[in-house]
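Below: one structure, written as structure tokens.
Chains as they are written, first to last, in this note's numbering: chain H, 1 to 261; chain W, 1 to 301.
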């Protein structure tokens with residue numbers, strides 16, 4: 001169970017383009033608690049990667065470190081060859097939050113939320129320009145929510161809400177999309193729709209990192225899977241990751257008293 | 001015409017004109033700001049900042065500086081202190097707020113009691129609308145205009161901050177700076193509203209209009225219009241009522257806002273208690289009618 005060895009990637013990055021995401025030796029503590037231990041991983045452009053682990057395995061911390069809201073003790077993150085700060089400024093990173101993090105009673109329409117993807121490109125008052133409106137319309141078309149653009153965001157179904165936030169990332173022009181538990185509270189047909197959408201985006205060159213508990217969705221969603229338990233246990237194909245003994249390690253079945261939720 | 005006389009009579013007095021101007025200005029600024037406070041859940045913060053300015057106002061009178069300066073210093077100081085206590089101790093956020101603002105408020109009360117001055121405690125605590133000087137009016141109008149301008153120009157960023165600070169960070173904005181901006185604007189707003197309703201009731205002005213508008217619309221852009229409109233109307237109605245009933249002006253303005261909220265709470269079309277029932281009943285009737293008019297497909301088949 002050595003961290004660095006487990007970070008071996010399935011393929012070398014294509015050409016001399018920088019990988020979409022390169023994490024090296026990332027270690028994060030919350031006080032005395034070790035949240036991430038020497039995590040290294042590389043994602044190529046155009047891949048969908050499932051990030052699997054139980055609660056407290058460090059999935060959210062890894063997302064936060066990639067976005068730069070958590071400062072690591074050690075290690076580095078490079079997004080498309082840039083520092084996280086440069087990447088944020090360039091609008092490279094799109095984030096789809098967990099359902100619990102969103103106030104669904106907030107009086108904003110789907111269109112309003114997707115427009116927020118454009119704020120990084122707008123002036124002092126974030127007044128939308130025709131190009132912004134076009135990008136929002138196109139993103140909504142892409143996730144098939146154009147008809148519901150004026151609907152309040154909280155009035156959408158679970159799956160539609162996720163697609164709206166993906167559309168925000170599209171309007172932003174994000175090359176790297178981070179989705180935190182997008183399938184929680186989403187029914188099976190909607191999960192399929194979202195999975196298909198993410199596959200299409202990856203085919204178009206985007207890189208998608210999806211944290212999930214949903215093992216059933218993995219094979220049709222992900223090109224590769226990372227099993228995380230504070231360190232990278234495995235980075236391989238969905239088939240490899242779904243081996244019972246691998247899952248047992250990831251979900252800490254040998255640790256009494258720990259349970260996934 | 002008696003109605004016209006009724007409306008014009010108070011305006012014949014200079015002090016009443018100033019009272020109207022100060023209150024409506026305060027109401028509009030407070031109304032706009034309240035939209036974000038209500039959605040973020042910062043009501044207690046509004047309460048804290050408004051109480052914490054008390055020692056600043058007393059000291060300003062003592063030193064002969066404009067009251068707005070003292071109030072602003074203590075309003076911003078209170079916010080900074082709350083965040084310091086929260087960040088550097090294990091005390092939770094609401095407790096930090098409670099400790100800081102009550103202590104500062106107590107300091108203000110003590111200052112008033114020991115400092116010999118012509119300052120009337122009641123005027124600071126409950127507003128002194130009828131004693132607004134021309135200089136006070138200028139302070140309120142200038143600060144109000146500046147605050148409102150910043151709120152309106154940065155409204156989209158503030159809404160993004162309220163809705164999804166993580167996304168704000170992800171696209172390279174600085175959510176901490178936006179939060180600090182909103183708190184600074186809260187301190188400014190409190191200062192603007194201080195003379196109209198006093199330290200104790202300012203919090204009503206920065207909460208009730210937003211809460212009322214939130215019951216009336218599902219569009220944030222509309223909330224930003226509805227809240228100040230309601231606040232301004234309530235301010236005007238409240239001042240007339242206080243003039244003719246010879247009642248406390250600050251109290252009357254806030255009471256009017258409370259009534260407006262109660263009406264929205266009951267009768268708002270979609271989110272009111274009664275409105276919701278009516279809507280549900282209408283839906284049920286429509287569903288029953290549809291079921292009756294449509295033959296059962298199983299039997300037809």
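Where is the CB? At the ideal position from N, CA and C, for every residue including glycine.
These numbers come from a predicted model, not from an experiment.
- Shown here for residue 249 of chain H: same chain residues with a beta carbon closer than 6 Å to its own, the five before and five after excluded, namely 233 in chain order.
- Shown here, residue 215 of chain H sits in coil according to DSSP, grouped into three states, outside any helix or strand.
- Bounds of the beta strand (DSSP E) holding residue 180 of chain H are 176-180.
- Spanning the alpha carbons of residue 36 of chain H and residue 85 of chain W requires a straight line of approximately 29 Å.
- Listed along chain W, no residue sits closer than 9 Å to residue 147 of chain H by beta-carbon distance, the nearest being about 17 Å off.
- Ranked by Cα distance from residue 229 of chain H, the options H:59, H:19, H:17, H:244 are led by H:59.
- Taking a C-beta cut-off of 9 Å against chain W, the contacting residues of the segment 40-74 of chain H are 64, 67, 68, 69, listed in chain order.
- Annotated three-state conformation of residue 235 of chain H is strand, per DSSP.
- For residue 214 of chain W, the chain H residues whose C-beta falls within less than 8 Å of its own C-beta are 107, listed in chain order.
- Collapsing the DSSP output to three states places residue 171 of chain W in coil.
- For residue 24 of chain H, the enclosing beta strand (DSSP E) begins and ends at 21-30.
- Taking each of W:218, W:111, W:153 in turn and checking the Cα distance to residue 182 of chain W, the smallest one comes out for W:153.
- Within chain W, the C-beta atoms nearer than 9 Å to that of residue 126 of chain H come from 154, 155, 156, 157, 160, in chain order.
- Per the Cβ contact rule, the segment 22-32 of chain W is in contact with the segment 140-157 of chain W (3 or more Cβ pairs under 8 Å).
- Residue 30 of chain H has a beta carbon lying at 7 Å or more from every beta carbon in chain W.
- With respect to the C-alpha of residue 162 of chain H, the residue from H:198, H:136, H:138 having the closest C-alpha is H:198.
- Inter-residue distance for residue 39 of chain H and residue 146 of chain H is about 40 Å (C-alpha atoms, whole angstroms).
- The shortest C-alpha to C-alpha distance from residue 27 of chain H to any of H:131, H:194, H:72, H:128 is the one to H:72.
- With a cutoff of 7 Å on beta-carbon distance, residue 175 of chain H and residue 65 of chain H are scored as not near each other.
- Here residue 109 of chain H has 149, 150, 151, 152, 153 as same chain residues with Cβ atoms under 8 Å from its own Cβ, once five neighbours each way along the sequence are excluded.
- Around residue 130 of chain H, no beta-carbon contact reaches into chain W at under 9 Å, the shortest distance being about 17 Å.
- Every unbroken stretch of the alpha helix (DSSP H) spanning 4 or more residues and falling wholly within the segment 27-63 of chain W is given here in chain order: 43-52, 54-63.
- In summary, the residues of the segment 89-106 of chain H whose CB is separated from some CB of chain W by less than 8 Å are 89, 90, 91, 93, 94, 95, 97, 101, 102, 103, 106, in the order they occur in the chain.
- Listed by position along chain H, the residues whose Cβ is nearer than 7 Å to that of residue 80 of chain W form an empty set, because the closest Cβ is around 22 Å away.
- In the structure shown, residue 42 of chain H adopts extended strand secondary structure according to DSSP, grouped into three states.
- Within a 10 Å sphere around the beta-carbon of residue 11 of chain W sit fewer than 16 other beta-carbons, which makes this residue exposed.
- Within chain W, the C-beta atoms nearer than 8 Å to that of residue 120 of chain H come from 171, 172, 173, in chain order.
- Listed as beta-bridge partners of residue 78 of chain H by DSSP are H:22.
- Residue-level contact check: residue 220 of chain W touches chain H, since one or more beta carbons of chain H fall below 7 Å from its beta carbon.
- Against chain H, the beta carbon of residue 217 of chain W has neighbours under 9 Å at 107, listed in chain order.
- Below the 7 Å Cβ cutoff, chain W contributes 171 as neighbours of residue 172 of chain H, in chain order.
- Scanning W:67, W:63, W:48 for the CA closest to the CA of residue 57 of chain W turns up W:67.
- Note: residue 207 of chain H is bridge-paired with H:176 in the DSSP secondary-structure output.
- Taking the Cα positions, residue 74 of chain W is about 43 Å away from residue 4 of chain W.
- DSSP places residue 123 of chain H in no beta strand (DSSP E); its state is neither H nor E.
- Taking a contact as a CB-CB distance under 8 Å, the pair residue 191 of chain W and residue 250 of chain W does not count as one, their CB atoms being some 15 Å apart.
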